[in-house]
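Inspection log for the structure reproduced underneath, given as structure tokens.
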Amino acid sequence: MVALRNLLTALFLPVKLCLFVFHHRVGRVRAARAAGDRGAISIELALAVIVLVGIAVAVLAVVMRLANTVKGKVPTDPVVTAAP
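In case it helps, the numbering used here puts the sequence shown at residues 44 to 127.
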């Protein structure tokens with residue numbers, strides 16, 4: 044059960060990070076709206092979204108590269124048979 048909990052924690056950690064960042068940004072937007080400073084927060088939010096999309100693309104590229112590497116190795120790996 045502990046292994047399953049650790050696995051789920053590791054899988055959902057990026058989701059929790061995104062939720063934290065989103066919650067932080069929403070709080071800043073609310074504070075800026077209350078203060079009347081709308082232009083600067085819009086630019087800051089747009090830049091944050093661009094950075095998050097860039098990170099997502101980088102992670103996707105790494106995963107695709109790893110998948111292609113593993114896919115290329117699968118047919119060339121020797122088949123291990125049991126000793127008689």
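From the three backbone atoms N, C-alpha and C, an ideal C-beta is built for every residue, glycine too. The structure displayed is predicted, hence computed values, not measured ones.
Candidates the options: closest to residue i by CA position
i	options	result
Arg68	Asn111, Leu47 and Val92	Val92
Glu87	Ile98, Gly97 and Ala75	Ala75
Ile84	Thr124, Phe63 and Val72	Val72
DSSP state of residue i mapped onto helix, strand, coil
i	result
Val117	coil
Thr112	helix
Met44	coil
Thr52	helix
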